[in-house]
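Heads up, the thing below is written out as structure tokens.
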Amino acid sequence: MSLIPVLPLFLELNRQYFQNSLLENGFPRVSLRWSDGRMRTTAGIYRSKTNFFGVKASEIILSRPVLEHLPHKALMSTLCHEMIHAWIDLVLKVEEAHGPNFHQRMAEINSAQTDFQVTVRHSFPITKKTPKWVATCPSCERTFSYRRVVRGAACRSCCNNFFGGRWNQKCVLEFQPFSRSNK
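Residue numbers (this note's numbering): 55 to 237.
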């Protein structure tokens with residue numbers, strides 16, 4: 055599949071499954087674009103920001119490297135997935151990732167058609183790059199692969215289990231260069 059304009063697909067899905075609620079005065083409430091080629095591990099993303107003046111800007115970014123060689127239904131599934139996130143944020147005004155609202159809307163869409171299936175996680179072929187760093191939690195000794203050193207990164211599990219979900223210095227990851235022997 056070559057890269058196609060996503061606005062007509064967005065408008066079609068919005069009409070069919072979102073009762074045109076993602077339009078305002080005839081225009082999408084969310085901007086749509088293909089990634090510049092750097093999004094290589096996820097098929098799409100929805101993000102929303104509020105600027106200094108309190109104006110909210112939302113966008114859906116679709117991964118060119120992941121989706122451009124996949125069938126049309128992969129694009130439709132990914133776009134619809136991200137539109138559910140937009141609908142939850144902009145229409146329901148709820149902060150949730152893949153919670154009950156997401157699952158309910160996903161089930162409604164999947165039961166209404168058979169062209170594609172919206173899922174929480176995709177299973178598209180992704181080429182994994184060799185990590186450059188291995189981070190180890192000093193508390194639980196779990197290891198995590200990283201492409202770069204992230205200062206102040208902490209083990210989420212230990213922060214949740216021992217410090218009420220708050221960041222703590224005792225859980226800060228220790229980074230070492232990756233070598234094949236770290237596997």
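Cβ atoms here follow ideal geometry from the backbone N, Cα and C, with glycine treated the same way.
Span of the alpha helix (DSSP H), counted from its first residue to its last, around ILE138: 126-141
Environment of MET55 [buried if 16+ CB atoms lie within 10 Å]: For MET55, the predicted model reports a pLDDT of 48, less than 50, meaning its position is unreliable; a value from the coordinates is still stated below. MET55 comes out exposed.
Environment of LEU146 [buried if 16+ CB atoms lie within 10 Å]: exposed
Same chain, Cβ closer than 7 Å to THR95, five either side skipped, listed in chain order: ILE180
Span of the beta strand (DSSP E) around LEU86: 85-88
Which listed residue (PRO185, SER102, SER193 and LYS127) has its alpha carbon closest to that of ALA151: SER102
Boundaries of the alpha helix (DSSP H) in which PHE170 is found, first to last residue: Per DSSP, PHE170 belongs to no alpha helix (DSSP H) and is neither H nor E.
Cβ distance (whole Å) where PHE72 is taken to contact ALA128 below 8 Å: Contact doesn't hold; Cβ gap of about 20 Å is too wide.
Minimum length 4: unbroken alpha helix (DSSP H) runs contained in the stretch 91-126: 118-121
Unbroken beta strand (DSSP E) run spanning GLU228, endpoints: 228-231
Nearest candidate by alpha-carbon position, reference PHE64, set VAL120, PRO125 and HIS135: HIS135
SER75 to LEU67 span [Cα, whole Å]: 11 Å
From ASN155, ARG220 and VAL84, residue whose alpha carbon lies closest to that of VAL109: VAL84
Where the alpha helix (DSSP H) through PHE178 begins and ends: Per DSSP, PHE178 belongs to no alpha helix (DSSP H) and is neither H nor E.
Counterpart residues of TRP187 in DSSP-defined beta bridges: TYR200 and PRO231
Three or more C-beta pairs below 8 Å linking the stretch 208-219 and the stretch 182-200: yes
Simplified DSSP state of PRO82, which is helix, strand or coil: strand
Rounded C-alpha distance that separates GLN158 from PRO231: 43 Å
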